[in-house]
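Under our numbering, the sequence shown is numbered contiguously, ending at residue 76. Notes follow the structure.
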Amino acid sequence: MSRIHKEHLQAGYIFGDPTNEEYIYLPAGEVGTDAPMCVIERGSSREDISLDEAAHLIDILTLKACQHPTLGRRSF
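Given below as structure tokens:
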């Protein structure tokens, strides 16, 4: 399942839980890089994480494709 999440992140989809204000996405500047870094937002904090870790967290936290409050449905 995480391979599908990686492909969706690389296509710009945003995963999250709007109720808990948690979002994971791949910024546009990271597309096509050798080691893309995703962003995880929790409330007002942001942290860079690897694509592998992002896909793993999407599974563990059961995040779904959603709409980000400022970015919309896609990160680019």
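No residue lacks a Cβ here, since even glycine has one placed at the ideal position from N, Cα and C.
Query, Result
"Tell me whether Arg46 sits in a helix, a strand or coil according to DSSP, three-state version.", "strand"
"With a threshold of 6 Å on Cβ separation, who are the neighbours of Glu47 within its own chain once the five nearest residues in sequence on each side are excluded?", "Ile40"
"Anyone know if the C-beta pair for Ile60 and Ile24 falls short of 9 Å?", "no"
"Hey, quick one: how far does the alpha helix (DSSP H) through Ile24 stretch, first residue to last?", "Ile24 -> not in any alpha helix (DSSP H); beta strand (DSSP E) instead, spanning Glu22 to Tyr25."
"To the nearest angstrom, how far is it from the Cα of Ser75 to the Cα of Leu63?", "16 Å"
"I need the straight-line Cα distance from Asn20 to Ala55, nearest angstrom please.", "18 Å"
"CA-CA distance, Asp34 and Pro18?", "30 Å"
"Tell me the residue span of the alpha helix (DSSP H) that contains Asp59.", "Leu51 to Ile60"
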